[in-house]
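Encoded as structure tokens, the structure appears first; notes follow it.
Numbering (my numbering), first residue to last: 315 to 593.
The following block contains the structure:
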């Protein structure tokens, strides 16, 4: 199935894979599992199998024993090997208390992403102390506003909204990473589409909505200087394409659009600086 996909009308292989992931959590966590929730591109109708990740949040009643967290994390990493899409899973498991009180230094019980895959499979990741991730403020906002319950209790009863200030702090931290040194040139397509989405959030308040990469790019084409439009269109073309965006394609894109990438990085740095001064 080509083109953008959305749950539940997605490729049957992807649906079957997600159901298998859900069944794994149900087996391993049993009655402690409150629910499993989809957020991100597949929940918003902008999932492209060659390049999108599968974003999920799980909620449990109480903190996990460290050994149980390690065992479940390994099973998730093993399951990721057989996924029917080129991106990977990004999954965090949190407690019901965290879902109801998302504030301060936010913790998770376990986290899986492609960054950690090899370390997990080789047994080098262990949960012996509390783990913190302020990206969760952004993820939980997407769950509350545009997420989908795959299993368990409904979103409206499990999650409390994240404050707009904490959500935007998480957004700004991610944006600052993209703008740091030459980070944008390492992953220009991902970085550029996220820049558009972040600038949209800075301009259009997100108390009632959050945005996909596609929506951020559409906003950019409507509101950013015309000079950036060919760059945005080129990034969208590659993001929507049938081939995986790898290191080679990222390098080719940076070489082809180096001046434009530097210009939009400078433009966004100035906008972020102005927003920080305003706050």
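Even glycine gets a Cβ: it sits at the ideal position worked out from N, Cα and C. Remember, predicted model here, so these are calculated numbers, not experimental data.
Pull up the distance between the alpha-carbon of residue 437 and that of residue 589, whole angstroms please. As a first step, residue 437 is located in the chain shown; it is residue number 123 there, counting from the start. As a first step, residue 589 is located in the chain shown; it is residue number 275 there, counting from the start. In this structure, the alpha-carbon of residue 437 lies about 43 Å from that of residue 589.
Could you tell me if the beta carbon of residue 317 falls within a distance shorter than 8 Å of some heavy atom in the ligand MN? This structure lacks the ligand MN, and indeed carries no ligand of any kind.
The alpha helix (DSSP H) that contains residue 404, what's its start and end? The residue given as residue 404 occupies position 90 in the chain shown. Careful: residue 404 lies outside any alpha helix (DSSP H), inside the beta strand (DSSP E) at 403 to 409.
Whole beta strand (DSSP E) elements within the region 407 to 481, 3-residue minimum: Complete beta strand (DSSP E) runs here, min 3: 424 to 426 and 462 to 466.
Would you mind working out which of 510, 405, 413 and 359 sits nearest residue 488, comparing C-alpha positions? Position 174 of the chain shown, counted from the start, is the residue given in the question as residue 488. Ranked by how close their Cα comes to the Cα of residue 488, the residues 510, 405, 413 and 359 have 510 in first place.
Quick one: using the 10 Å Cβ neighbour count with 16 as the cut-off for buried, is residue 429 buried or exposed? What you label residue 429 is simply residue 115 of the chain shown in a count that begins at 1. Taking all protein chains shown into account, residue 429 has fewer than 16 neighbouring C-beta atoms within 10 Å of its C-beta and is therefore exposed.
Apart from the five residues on each side of it in sequence, which residues of its chain come closer than 6 Å, Cβ to Cβ, to residue 320? Working through the chain shown from its first residue, we reach residue 320 at position 6. The residues 359, in chain order, have a CB closer than 6 Å to that of residue 320 in the same chain once the five nearest residues on each side in sequence are set aside.
Thinking just about the alpha-carbon of each residue, which of 418, 464, 494 and 354 is nearest to the one in residue 329? Residue 329 sits at position 15 when you count from the first residue of the chain shown. For the set 418, 464, 494 and 354, the Cα lying nearest the Cα of residue 329 is the one of 464.
Is the beta carbon of residue 350 closer than 9 Å to that of residue 339? Counting from 1 along the chain shown, the entry for residue 339 is found at position 25. Counting from 1 along the chain shown, the entry for residue 350 is found at position 36. A contact, by the Cβ cut-off of 9 Å.
Cβ shell of residue 506 (< 6 Å), same chain only, five flanking positions each side left out: To locate residue 506, count along the chain shown from 1; it is residue 192. So the list reads 549, once near-sequence residues are dropped.
Output the distance between the C-alpha atoms of residue 529 and residue 318, rounded to the nearest integer angstrom. Within the chain shown, numbered from 1, the residue matching residue 529 stands at position 215. Within the chain shown, numbered from 1, the residue matching residue 318 stands at position 4. About 12 Å.
Between residue 475 and residue 592, what straight-line distance do the alpha-carbon atoms span, to the nearest angstrom? Within the chain shown, numbered from 1, the residue matching residue 475 stands at position 161. Within the chain shown, numbered from 1, the residue matching residue 592 stands at position 278. Each residue's alpha carbon lies about 24 Å from the other.
Going by C-alpha distance, which of 399, 449, 384 and 392 is nearest residue 423? By one-based count along the chain shown, residue 423 stands at place 109. It is 384.
Cβ pair count under 8 Å reaching 3, the region 438 to 446 against the region 384 to 397: Short answer: they touch.
Beta-carbon contacts of residue 348 that lie in its chain and below 7 Å, excluding the five residues immediately before and after: Mapped onto the chain shown, residue 348 falls at position 34. Counting only Cβ-Cβ distances below 7 Å, and skipping sequence neighbours, we find 373, 374, 375, 410, 466, 467 and 472.
Considering only the beta carbon of each residue, do residue 419 and residue 448 sit closer than 9 Å? As a first step, residue 419 must be located in the chain shown, where it is residue number 105. As a first step, residue 448 must be located in the chain shown, where it is residue number 134. Going by C-beta atoms, residue 419 is nearer than 9 Å to residue 448.
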